Amino acid sequence: MNKTTILPTTNENGYFEIRLESIGGLGANLCGKMLGELGALSLALNSLSFSSYGSEKRGSPVKAYIRWCDSEKPLRVNSPVTHPHILGIFHEGLIGTHPVLDGVSVDTKIVLNTPLSADEAAEKYHISMGELYCLDALTIAMESRSRINMVMLGAIAKASGFIPLDATEQLCRDTIGKKYPALIEANLNGVRLGYERLTRASDERNIEPIPAGNTEHFVWGWDNAPIGGVNPRIGSTVSNDLSPSREGYIPLFIQEKCINCGLCDSTCPDMVFQFAPGIYKDKECMVNQGLDYYHCKGCLRCVEICPTNALVMALEKDYPEKPYFRTNQHLLPNSIRYQKTGANSWITSDSYMDEKRVDGGVV
Amino acid sequence: MEEQKIMYDSGNELAAYAAKQINYHVMGYYPITPSTQIAENLDIMRAQGEHDIALIAAEGEHSAAGICYGASTGGARVFNATSANGLLYALEQFPVQSGTRMPMVMNVACRTISGPLCIKGDHSDIMYMLNTGWIILFADEPQKVYDFNLLALKLAEAVRLPVAVAFDGFFTSHQKRKCLVFADDDVVKRYIGPKLSSDNPGTSAFAGDSTTGENRFYSVLDLKHPVSIGSYMNEPDVINNRYQLHLAMEEAKKKLPELFEEYQTLSGRALSFGEGYRHEDADILLFVLGSSYHTAMEAVDLLRKEGIKAGVITLFVLRPFPVRELRVLCHNAKTIIVADRQDSYGAGGGNMTLEVKAALQSLAASVRILSRIYGLGGKDFFVEDAVALFREALLPDAKDFDYYGVTQGGTVPGGSTAQADSGRAQGGMSAFAASAQNTAGAQGAADSQNAACFDCGNAGTQNATGAQNAACPNCGNAGAQSARSTDPHDLSGMQPQYFKPVTEEESTPGITTCTFDETTGQMIVKGGLLKDATGMPMRIAPGHGACPGCGIPVNLNLLLKGIEGNVVILFQTGCGMVVTTGYPKTAFRIPYLHNLFQNGAATLSGVVEAFHQRQKRGEYPEGKITFLMVSGDGGMDIGMGSALGTALRGHNLILFEYDNGGYMNTGYQLSYSTPMGARSSTSHVGKAQYGKTFFHKDTPELMAATHIPYVATVAESNPTDFIRKAAKAAAYSREFGTAYVKAISACPLNWNDKPNTERSVIAASVDCCYFPLYEIERGITTLNYNPETGNKKIPVTEWFGMMGRTKHLVKEEYKPITEEIQAEIDRRFSRLKARSEHPLL
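These protein sequences, in sequence, are chains H and W.
Counting in this note's numbering, the first sequence runs from 9 upward without gaps.
Counting in this note's numbering, the second sequence runs from 257 upward without gaps.
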């Protein structure tokens, strides 16, 4: 049996807590499970772990929670981690769009996946508190042919200051090796590189925290919600901004090549194309006016189908201003406040998802 | 004590592990969140050859419970797992199981009951079990899920009653913890012992073994001692049968302490009817079930530091209800606050409040018992919440009954920008909202009845007109009686509408036209070209939460492009409804209804009848509506009966099935339409199993057998054909009866392929003849696209190779399977061709 690990710090109830913030598809769920297992089996702690109950769909926000305490102490708290000792952020795009930094204190070790240096990231995201560690997990994952979750696992082990690399590697061997022996080396390499390439931001950061929002917003409760959960606000999903679902690519529209055939509109799951009566080749017809990028999830079905290359794949970061960006033409308000979100659904089962993906690695 | 090993597993995983160790004969089940993982984990283990349990994926929970019952009457050891609506769907089976005294074990990962539909954890489902005659054990943590699963079977067979092992959905079912299991499966097998069915060789039929106290079980397979199980029984006998059941419950109460002791000897873990924490000298006690018990302990410690004598108690056995043990647990308490994770609406408390009150009413000292409903729909229970409950109970004037943690609603201060709100206009909103409403109002007045009540909030004078009152009966009351509007469409002026409703005129752009040719008996459809179809207004708004590249909205849009005029839409439970109607938003711009997983067709029949009846009586304007039911292939499994019934009645509606070949909404369990050989989370691939073991369901043929006027299959790869068939289906449904349309629908997540390639994957499914495109119009079959003629036909393995779920089948080792599949596909296609050539077939 392993020697019991002494936790460096605990909260008022005696627990050491970790929260992972991610989007579906990056493998935070598996990473959380592995950290939980690491605590229980390698560190000889009492350990529990669970994920936000909901989705592991590609692109939807996912949280994983890990709670540790001394092996003799019972684990009594089953609620989500609000004040983490370690906060792993798998996707920097979540900062500012989701409250992923909530509950951070001066002692929190934040592990952030970003191509920026730790000091740059601190400034960009106004991270004024906590020990900030950064690494470019995506590049490392591609380089090592592993996945982001393995790189982040190594990084979290390093940032913790007490999780030994060898225990982490052994866990990786046990978890991946059982099913996919061929993938062990790549994933081990990912863990190691994550452990090694972490950089730490200066603790003497002089950064103004973002002031708390003072905007009011409207919620439905028992006193004002239409009875029975009936929803009279038609088409209200339109206020969702699905751009966080994109994985770096957008369809780019080149209108002069467009023959207005409508194939794109027939394959788009997200009602992105804005066709309106117009003139094409001196004839009245439905003309493609552009794309509503608020709702484009970047599936690129349209690029695949376009017969004239009027839609092409482009890197989103190359187009801060997207040409032919047309908001939904049927909206009544001139402008609406969009809420950033991802795909949503109910995947609550990880048995199938815990698989080797077609494009390599393990989710 | 027997040797044990450490595992790091969730409640669901441990339930499955216990079942594997017991090696039940049969598990009849149907996937439902959050209990699904139990069957999934057993399937993983079966694929690896770790047990022999026959895992039967039924077509619904009602049948799953029936399979379990049948197997138990045949002398088998039987296992099941379910939750929420699945439990309720199967409910009528449970009293039969107990009333005819057939032991079995069923896990219930507790979840909220619909509606509105919610998948998260509370205790509203398990309380329906209280009157079924089942023993109910309630595990508070994953370890106890394991322990209770072993003890449950022993108890079930000892008193010949079925046992439910309940635990918190998600909080316990999905939470992983360190726990101990018996290292050797044989220890478990010895502990449980053999089941002594009367048909076992060497077992005398009806006599119990008086020396060991072991029971003998009736078996419907006992040919030497034939028995009739399930008598027709009235007075004076029923009361005696029920009394036997009552006696068995009493027996269980006696038997449980013995079993606890025996299990402790074996495992070292103490089990009991219930327990408390710092309860002995507590003035104030909190009663909670499940995982909240542990959270509340932290609160007790905090309050004790303040000098408040707080304690917490819980029960692990709900049936038989341990009255005596409960009294002991709270013998010193002055106030008990019972926190119920469900409500027995109108009773002044949830079920546990009522039971605790009943159990303690004969105590000499008067105890103040308060009741709070908390944590519904998976609302998290933090230590702070437990503290707050205690503090509330300390107030001398605390209400006897209340809800804890409700939100009144209204304008609240904003925190971070990311907080979920229901979306509202930015800056100058109120002025803008007013103008938006006015514009809409002016247009609405001129529109058809669909739009009549859009603006009732500011259209007091218009409400005087009869037609509009009929369309929206509550309009007249708006603002008249109270400060709060009673108008059901009023958004309190805080939230502007984003869209106008789609009017009949707008949604009749003439993209398709259908005329019925009386001489040929055929519906002639024209139009449907994609370049024109972009002119159909979207009845479903963007911003829905389907995965990138999902086929469902693609198919819905193509279908709706072909349907001119008014549409009322109903969804059965599935990805399609979940991603479109997540509260407080909805993607629908046309009237929408969701009911249950399995009876959408029947529900829409009711809507159609209301429409016809009310039109007939002059209560509803003249005009036409296309009624459309949308279901996944899962809904067409569990809802097959309802769909067939509707078709046989010929109700005027379209049944539209999007077939992505699996229960994707719950994590891809196999459906009857999943391709044979495909990997799913209930048909894993391993050394002992190659994926799904039976052929895909031919639903169009089943529907065709009802002789409805129109049956068609469509695919997005042939979009104009799709749109035209949608138009025909709409025309047939409005004029002649039921139409059924089935689309094959891509699921990039679970097909495990690239979202951008889906149209080619769909095209391949058509070209390999797995999904042939045809229609059956008034009994005459027409093959609309024959890949053989253009030399486009491909082997099915080519399509299989495009998807991660079927990629393994391309390997040489699976050749016998794929040959079988190819042969079946070819056979079905040849029949189709023959039918297409001969109008009588």
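Ideal Cβ positions, reconstructed from N, Cα and C, are used throughout, including at glycine.
All figures in this text were calculated on a predicted structure; none of them were measured in a lab.
Practice problem: Take W/S1173 as the anchor and find which of W/F423, W/R647 and W/L417 has the nearest alpha-carbon. | Solution: Outside the displayed range of chain W (257 to 1097) lies residue 1173 of chain W, so it cannot be described from this structure.
Quiz item: Could you check where the beta strand (DSSP E) with H/W76 kicks off and where it finishes?
Solution: That run of the beta strand (DSSP E) goes P69 to C77.
Exercise. Would you grab the beta carbon distance between W/S453 and W/S487 for me? Rounded to a whole angstrom, and I think it's under 8 Å.
Key: Rounded to the nearest angstrom, the Cβ distance from W/S453 to W/S487 is 20 Å, too far for a contact under 8 Å.
Exercise. Would you mind sorting H/I14 into buried or exposed? The rule is 16 or more other CB atoms within 10 Å of its CB.
Key: A residue is called buried when at least 16 other Cβ atoms come within 10 angstroms of its Cβ; H/I14 does not meet this threshold and is exposed.
Quiz item: If we cut at 8 Å on Cβ distances, does W/E1080 have a partner in chain H?
Solution: False, the Cβ-Cβ gap to chain H never drops below 8 Å.
Quiz item: Taking the DSSP output, what are the residues bridged to W/T570?
Solution: Residue pairing for W/T570: DSSP places it in a beta bridge opposite W/E531.
Self-check item: Assigned secondary structure, W/H281 (DSSP; H/G/I helix, E/B strand, else coil)
Solution: Taken through DSSP and simplified to helix, strand or coil, W/H281 comes out as coil.
Quiz item: Shortest alpha-carbon distance to H/I242 belongs to which of H/K289, H/Y288, H/A145 and H/H338?
Solution: Of the candidates H/K289, H/Y288, H/A145 and H/H338, the one whose C-alpha sits nearest the C-alpha of H/I242 is H/H338.
Practice problem: Return yes when the Cβ of H/T176 is within less than 8 Å of the Cβ of H/L323, no when it is not. | Solution: Taking 8 Å as the Cβ cut-off, H/L323 and H/T176 do not qualify as a contacting pair.
Self-check item: Among W/Y914, W/R302, W/S380 and W/A272, the one whose alpha carbon lies nearest that of W/F335
Solution: Selected option, being the one with the closest Cα: W/A272.
Quiz prompt | Assumed close pair W/T1074, W/G933 - CB separation to whole angstroms, cut-off 8 Å | solution = About 7 Å separates the two Cβ atoms, so the contact holds.
Quiz item: What is the residue span of the beta strand (DSSP E) that H/W228 lies within?
Solution: In the DSSP assignment, H/W228 falls within the unbroken beta strand (DSSP E) covering E224 to W228.
Self-check item: Separation of W/G807 from W/S1016, as counted between CA atoms
Solution: W/S1016 and W/G807: Cα-Cα distance of roughly 12 Å.
Quiz prompt | Own chain residues within Cβ distance below 7 Å of H/M42, not counting five before or after | solution = Closer than 7 Å at Cβ, skipping near neighbours: L161, L179 and T183.
Exercise. Give the secondary structure of W/I262 by DSSP, where H, G and I count as helix, E and B as strand, and everything else as coil.
Key: Reduced to three states, the DSSP call for W/I262 is strand.
Quiz item: Looking at the unbroken alpha helix (DSSP H) that takes in W/V1017, where does it start and where does it end?
Solution: Its alpha helix (DSSP H) spans residues E1014 to D1023.
Quiz prompt | Cross-chain neighbours of H/W230 in chain W, by beta carbon under 9 Å | solution = Those within 9 Å of H/W230 in chain W are Y659, V662, T663, Q664 and G665.
Self-check item: Minimum C-alpha distance to W/V781 - residue among W/T829, W/P975, W/G890 and W/A982
Solution: Cα-wise, what sits closest to W/V781 is W/A982.
Exercise. Pick out whichever of W/P1011, W/N1008, W/D977 and W/Q1078 has its Cα sitting closest to the Cα of W/E1031.
Key: The shortest Cα separation from W/E1031 among W/P1011, W/N1008, W/D977 and W/Q1078 belongs to W/D977.
Self-check item: the region 900–917 of chain W: positions lying closer than 7 Å to chain H by Cβ
Solution: Taking 7 Å as the Cβ-Cβ cut-off, the region 900–917 of chain W has no residue approaching chain H.
Practice problem: Using a Cβ-Cβ cut-off of 8 Å, state whether H/G286 counts as contacting chain W. | Solution: So, not an interface residue.
Self-check item: Range of the contiguous alpha helix (DSSP H) that encloses W/F646
Solution: V639 to L650 is the span of the alpha helix (DSSP H), which, as asked, contains W/F646.
Quiz prompt | C-alpha distance - H/K187 paired with H/M150, whole-angstrom precision | solution = Approximately 21 Å between the Cα atoms of the pair.
Self-check item: For W/P290 and W/R357, the rounded distance between their alpha carbons
Solution: Rounded to the nearest angstrom, the two C-alpha atoms are 28 Å apart.
Exercise. Name, going along the chain, the residues of the region 426–449 of chain W whose beta-carbon falls closer than 7 Å to a beta-carbon of chain H.
Key: Correct list: F426, F427, H430, Q431, K432, R433 and K434.
Quiz item: Looking only at its own chain, which residues have a Cβ that is under 7 Å from the Cβ of W/K276, when we skip the five neighbours before and after it?
Solution: If the five residues before and after W/K276 are omitted, its C-beta is found closer than 7 Å to the C-beta atoms of L298, M301, E306 and H307, all from its own chain and listed in chain order.
Practice problem: Provide the residue(s) that pair with W/N822 in DSSP beta bridges, ordered along the chain. | Solution: Answer is W/I881.
Self-check item: Proximal residues, the region 229–252 of chain H versus chain W, C-beta separation under 9 Å
Solution: Listed by position, the residues of the region 229–252 of chain H near chain W (Cβ gap below 9 Å) are G229, W230, D231, N232, A233, P234, I235, G236, G237, V238, N239, P240, R241, I242, G243, S244, T245, V246, S247, N248, D249 and L250.
Exercise. Could you give the DSSP three-state label for H/H106: helix, strand or coil?
Key: Correct three-state label for H/H106: strand.
Exercise. Leaving out five residues on either side along the sequence, give the residues of the same chain with a beta carbon under 7 Å from the beta carbon of W/E1014.
Key: Excluding positions up to five away in sequence, the list reads G805, G807, A1002 and P1004.
Quiz prompt | Best match in W/P418, W/T994 and W/P840 for proximity to H/I235 [C-alpha to C-alpha] | solution = Ranking the options by Cα distance to H/I235, first place goes to W/P840.
Quiz item: Three-state secondary structure (DSSP) at W/H1064?
Solution: Three-state DSSP puts W/H1064 in a helix.
Quiz item: So which residues on chain W does H/D273 lean against when the C-beta distance must stay under 7 Å?
Solution: In chain order: T790.
Quiz item: Starting from W/Q1078 and walking both ways along the alpha helix (DSSP H), at which residues does that stretch end?
Solution: It spans K1071 to E1093 - the alpha helix (DSSP H) in which W/Q1078 sits, taken as one unbroken run.
Quiz prompt | Spatial neighbours of W/Q304 in its chain, beta-carbon cut-off 6 Å, leaving aside the 5 residues before and after | solution = Excluding positions up to five away in sequence, the list reads G942.
Exercise. Please list the residues of the region 554–579 of chain W that have a C-beta atom closer than 9 Å to any C-beta atom in chain H, keeping them in chain order.
Key: Those residues of the region 554–579 of chain W that come within reach of chain H (Cβ to Cβ, closer than 9 Å) are E554, D557 and L558.
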